[in-house]
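Following: one structure in structure tokens, then a few remarks.
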Amino acid sequence: MAKGKKRDKRVYNCPEPPCIHVVVDERKGIFKVFVEDYDLIIPIPVEEVSRACKSLEELGYTGREAYGDEVDYLARKYLDAKPKED
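Here's what the structure looks like:
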């Protein structure tokens, strides 16, 4: 690194999980997208992120985002998700 040139040091914190991080190593020229949810950090293929964004665009952002019990309803009905046992 040239003298006097300061490298950007990104800080990745997640104040209100879940969070999405794009982690970059500029020196190596690599990046990865991660989803952080408390103690889980999950790598996500960028193709999946792109596909999700395209789906949102196709919807035209009609309707509203689900919250609370509506999230559970959508996950159970369309993703066959089961509640996690404590």
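Count along the sequence shown from 1, then add 168; that gives the number in my numbering.
Where a beta carbon is used, it is the ideal one built from N, C-alpha and C, also for glycine.
Query, Result
"At which residues does the alpha helix (DSSP H) containing Asp240 begin and terminate?", "Asp237 to Leu247"
"Between Arg232, Ala243, Glu233 and Phe202, which lies nearest to Tyr180 when the distance is taken from Cα to Cα?", "Phe202"
"Check for me: the beta strand (DSSP E) holding Cys187 runs from which residue to which?", "Cys187 to Asp193"
"Would you call the region 209 to 224 in contact with the region 240 to 251, where contact means no fewer than 3 C-beta pairs closer than 8 Å?", "no"
"Where Lys173 and Asp193 are concerned, what is the direct C-alpha to C-alpha distance, given to the nearest angstrom?", "Any reading at Lys173 must be qualified, since the residue scores a pLDDT of 49, below 50, and its modelled position is unreliable; the value itself is stated next. Going from the Cα of Lys173 to the Cα of Asp193 covers about 17 Å."
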